[in-house]
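First up is the structure itself, then whatever we jot down about it.
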Amino acid sequence: MNIYTSKIIEKKDIATDVWEIRFDKPDGFEFESGQFIQIVINSQEKEILRSYSISSTPDDPYIELCIKVLEDGIGSNFFRNCNEGDEIIFKQANGRFVVQDSDENLFFIATGAGLAPIMSIINNELNKKTRQKIHLLFGVRYEKNIFWQNRLEKLAKENNNFTYDISLSKPEDSWKGLGGRVSDHIPETVEKTDFYLCGSPPMVQDVRKILVDKGVDMKDVHFEIF
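Following the numbering used here, the numbering of the sequence shown begins with 36 at its first residue and continues without gaps.
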């Protein structure tokens with residue numbers, strides 16, 4: 036398996052307990068939107084690997100990751116101590132959570148950092164000027180947990196075939212968007228649609244069951260668990 040070395044070019048907070056990390060894309064590194072890389076963490080002469088999905092597109096000159104910060108997480112502690120200019124080592128891209136060749140409309144459902152691979156896929160599909168309708172349903176707990184909303188709004192303004200909704204499971208009274216879990220907002224009409232789910236095991240399990248009950252063929256439901 037190929038191993039790559041790069042340098043961090045940007046590290047910033049984008050929401051409560053969420054970081055955005057960018058580093059230069061090394062020569063020869065290739066991936067498909069939706070795939071992940073394994074970051075190599077050297078700790079006490081022991082190699083530890085942590086997997087993170089890529090949120091940038093194959094055409095971007097950098098690699099971007101979305102990091103959910105966990106208090107005692109090994110990966111979180113590694114990135115907590117990283118600064119711009121620091122070296123980062125990672126293995127080649129892997130994963131099968133990629134868009135299938137189809138003329139069906141695309142419906143994406145993401146919770147939390149599960150938006151990372153889906154953001155890569157959506158951007159890549161829109162860059163290809165696809166005519167399919169693309170919708171994103173993004174769920175987080177609180178408004179402070181929302182990230183990349185400005186990106187989503189820009190995409191919606193620039194692409195007539197892209198729409199999105201954000202649902203908060205713990206909304207404040209001032210929230211104007213959807214409320215409840217993403218599983219509460221599965222569309223009634225599910226024909227001619229491929230579904231892509233990325234998030235926690237309970238979310239993926241709940242949504243898959245709802246889709247099956249609605250008559251969706253499981254070959255049209257693709258998922259990645261975070």
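Don't be surprised by glycine CBs; every beta carbon is placed ideally from N, CA and C.
Just the C-alpha distance for F114 and D219, rounded to the nearest angstrom, thanks.
Here residue 114 corresponds to residue number 79 of the sequence shown, with the count starting at 1. Here residue 219 corresponds to residue number 184 of the sequence shown, with the count starting at 1. The alpha-carbon atoms of F114 and D219 are separated by roughly 34 angstroms.
* I153 to V134, Cα distance in whole Å? -> The residue labelled residue 153 in the question sits at position 118 within the sequence shown. The residue labelled residue 134 in the question sits at position 99 within the sequence shown. The alpha-carbon atoms of I153 and V134 are separated by roughly 10 angstroms.
If I follow the unbroken beta strand (DSSP E) through S111, where does it start and stop?
In the sequence shown, counting from the first residue as 1, residue 111 sits at position 76. Counting along the chain, S111 falls outside any beta strand (DSSP E), though it belongs to the alpha helix (DSSP H) covering 109-115.
State the beta-bridge partners of W54 as determined by DSSP. Along the sequence shown, one-based indexing puts residue 54 at 19. Per DSSP, D48, I102.
Below 9 angstroms between beta carbons: does that hold for I56 and Q127? As a working mapping, residue 56 is identified with position 21 in the sequence shown. As a working mapping, residue 127 is identified with position 92 in the sequence shown. Taking 9 angstroms as the Cβ cut-off, I56 and Q127 do not qualify as a contacting pair.
Between the Cα of G63 and those of D48, Q73, P93, spot the shortest distance and give me the residue it belongs to. Start at 1 with the first residue of the sequence shown, and residue 63 comes out as number 28. Checking every option, the nearest Cα to that of G63 belongs to P93.
Discussion item. Buried or exposed, going by whether 16 or more other CB atoms sit within 10 Å of the CB of L105?
Written reply: Position 70 of the sequence shown holds residue 105. Exposed.
- prompt: Is it true that the region 152-171 meets the region 188-199, where meeting means three or more beta-carbon pairs spaced less than 8 angstroms apart?
  reply: Enough Cβ pairs lie closer than 8 angstroms, so yes.
Original post:
Taking all protein chains shown into account, do 16 or more other C-beta atoms lie within 10 angstroms of the C-beta of K81, making it buried, or fewer, making it exposed?
Top reply: In the sequence shown, residue 81 corresponds to position 46, counting from 1. Only exposed fits K81, as fewer than 16 other CB atoms lie within 10 angstroms of its CB.
Inset, instruction - Scan the region 172-224 and note each continuous beta strand (DSSP E) run of 3 residues or more that stays entirely inside, going in chain order. - result: Complete beta strand (DSSP E) runs here, min 3: 197-203.
_What residue range does the beta strand (DSSP E) around E82 cover?_
What you label residue 82 is simply residue 47 of the sequence shown in a count that begins at 1. Segment 81-88, the beta strand (DSSP E) holding E82.
Handout entry: Same chain, Cβ closer than 6 angstroms to G174, five either side skipped, listed in chain order
Key = Stepping through the sequence shown from its first residue, residue 174 is reached at position 139. The residues are T146, S202, V217.
query = From T165 to D136, what distance separates their C-alpha atoms?
reply = In the sequence shown, the residue the question calls residue 165 occupies position 130. In the sequence shown, the residue the question calls residue 136 occupies position 101. Cα to Cα, T165 sits roughly 12 angstroms from D136.
Would I49 pass as a contact of W183 if the rule is Cβ separation under 9 angstroms? Along the sequence shown, one-based indexing puts residue 49 at 14. Along the sequence shown, one-based indexing puts residue 183 at 148. Using a Cβ distance threshold of 9 angstroms, I49 and W183 count as a contacting pair.
Give the DSSP bridge partners of E67, in chain order.
Position 32 of the sequence shown, counting from 1, holds the residue named residue 67. According to DSSP, which records beta bridges pairwise, E67 is partnered with nothing at all.
Margin query: Under DSSP, the beta strand (DSSP E) around K126 begins and ends at which residues?
Written below: On the sequence shown, residue 126 is found 91 positions in, with the first residue counted as 1. Note, K126: beta strand (DSSP E), 122-126.
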